[in-house]
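Engineer: Just so you know, we're using our numbering here: the sequence shown kicks off at 744 and counts up by one. Don't be surprised by glycine CBs; every beta carbon is placed ideally from N, CA and C. From a predicted model like this one, the values you see are computed outputs, not experimental measurements. Structure in structure tokens, see below.
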Amino acid sequence: MENIKVKILAVDQVTHNVRSFKLEKPDGYVYTPGQATELSILKPGWETEKRPFTFTSLPGADHLEFTIKCYTDHDGVTNQLAKAVSGDVLEIGDAWGTITYKGEGIFIAGGAGVTPFIAILRSLHAQQKIGNNQLIFSNKTLQDILLREEFEHILGTNFINIITQEFTEAYHHGKIDKTFLEQNIANFDQPFYVCGPDAFTAHILGTLKSLGANAESLVFEK
744 MENIKVKILA
754 VDQVTHNVRS
764 FKLEKPDGYV
774 YTPGQATELS
784 ILKPGWETEK
794 RPFTFTSLPG
804 ADHLEFTIKC
814 YTDHDGVTNQ
824 LAKAVSGDVL
834 EIGDAWGTIT
844 YKGEGIFIAG
854 GAGVTPFIAI
864 LRSLHAQQKI
874 GNNQLIFSNK
884 TLQDILLREE
894 FEHILGTNFI
904 NIITQEFTEA
914 YHHGKIDKTF
924 LEQNIANFDQ
934 PFYVCGPDAF
944 TAHILGTLKS
954 LGANAESLVF
964 EK
């Protein structure tokens, strides 16, 4: 499929620095929960600046949705997206990605790395197949927690938060390290879905392997 122009239908503020973009859905466009595409904003000088973003809408929806953390401290693609409004035009390509659902397990996300898991968990919830899936979600502060109410609704007590730069009685404080994983995971013989900054992902994958997780059960963007 060649690059396709899609119009922004709506922009919503999700957190202080995350926006949700609702876009037109091209006829026949197909993707699976967890996949992404290359996206660019069609403004002078930005047309060829493509970046990967994950679909957070369900494949059966009549529109596309991306939930994007916008960095406004420098003039990059997400800063331009932060200025985007309904009617602006973006360009997307084919769907791609290796993060797909492989069965009930534990999702481990760092910050905006949770985005590939949004459509997966929404899809499971819609099918009443959420089961005992868990989400362990690391953020710097409380205000950084993306879709907190929705995840609480979908997962209940299987939504586990850890905050790295702020103390709160509600959630764990610190980082996801070996001790934390040992204390919060009883079974390492199950699928693990990991996404976040490169260093975060590498650390989590290495720690899971050291705790007995099978390398073939680790799902991440390769």
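Given a cut-off of 8 angstroms, decide if L782 and F798 are closer than it, judged by their beta-carbon atoms.
Structural biologist: Not in contact: F798 and L782 (Cβ atoms no closer than 8 angstroms).
Engineer: Which whole-angstrom value is the C-beta distance of G917 and F923, which I expect to be below 8 angstroms?
Structural biologist: Right, their Cβ atoms sit about 7 angstroms apart.
Engineer: Between the alpha carbons of T900 and Q756, how many angstroms are there, rounded?
Structural biologist: Between T900 and Q756, the C-alpha separation is close to 26 angstroms.
Engineer: For F880 versus Y936, is the C-beta spacing smaller than 8 angstroms?
Structural biologist: No, the pair does not count as a contact, with Cβ atoms beyond the cut-off.
Engineer: Kindly indicate which three-state DSSP category H916 falls into: helix, strand or coil?
Structural biologist: H916: strand per DSSP, three-state reduction.
Engineer: Determine the direct distance from the alpha carbon of D932 to that of G848, and round the result to whole angstroms.
Structural biologist: Approximately 9 angstroms, taken between the alpha carbons.
Engineer: For C938 versus F902, is the C-beta distance shorter than 8 angstroms?
Structural biologist: Cβ atoms of C938 and F902: not closer than 8 angstroms.
Engineer: Just to confirm, is the Cβ distance from I835 to N746 under 8 angstroms?
Structural biologist: Yes, the Cβ-Cβ distance between I835 and N746 is below 8 angstroms.
Engineer: Taking 6 angstroms as the limit between beta carbons, can you name the residues of its chain near A864, skipping five residues before and five after?
Structural biologist: The sequence given here places Leu at residue 864; Ala does not occur at that position. Closer than 6 angstroms at the Cβ level, and outside the excluded window around L864, lie I897.
Engineer: Does the count of Cβ pairs from the segment 751-768 and the segment 821-830 closer than 8 angstroms reach three?
Structural biologist: Flag = yes, the segment 751-768 and the segment 821-830 touch.
Engineer: Using 10 angstroms around the beta-carbon of E892, count the other beta-carbons present and answer buried if the total reaches 16, otherwise exposed.
Structural biologist: Under this definition E892 is an exposed residue.
Engineer: On a Cα-Cα basis, can you pick out the residue from G777, G819 and V773 that is closest to R794?
Structural biologist: Measuring from the Cα of R794, the nearest candidate turns out to be G819.
Engineer: Considering only the alpha carbon of each residue, which of A945, G854, T841 and A855 lies closest to A779?
Structural biologist: Looking at the Cα atoms, T841 is the closest of the given residues.
Engineer: Looking at C-alpha atoms only, which residue of Y814, Y844 and F764 is the closest neighbour of H806?
Structural biologist: Looking at the Cα atoms, F764 is the closest of the given residues.
Engineer: Among the residues of its own chain, which have a CB less than 6 angstroms from the CB of P859, if the five just before and after it don't count?
Structural biologist: Closer than 6 angstroms at Cβ, skipping near neighbours: G777, T797, I842 and C938.
Engineer: Which of the three DSSP states, helix, strand or coil, is assigned to A780?
Structural biologist: The sequence as given places Thr at residue 780; Ala does not occur at that position. Strand, per DSSP.
Engineer: Taking Cβ positions, are Q908 and T944 nearer each other than 8 angstroms?
Structural biologist: Result no, Cβ atoms of Q908 and T944 do not sit closer than 8 angstroms.
Engineer: Is the distance from the Cβ of T758 to the Cβ of D887 below 8 angstroms?
Structural biologist: Cβ atoms of T758 and D887: closer than 8 angstroms.
Engineer: Mapping DSSP to helix, strand and coil, what is E895?
Structural biologist: Note: E895 maps to helix in three-state DSSP.
Engineer: By how many angstroms is the C-alpha of G771 removed from the C-alpha of S866?
Structural biologist: Spanning the two alpha carbons is a distance of roughly 19 angstroms.
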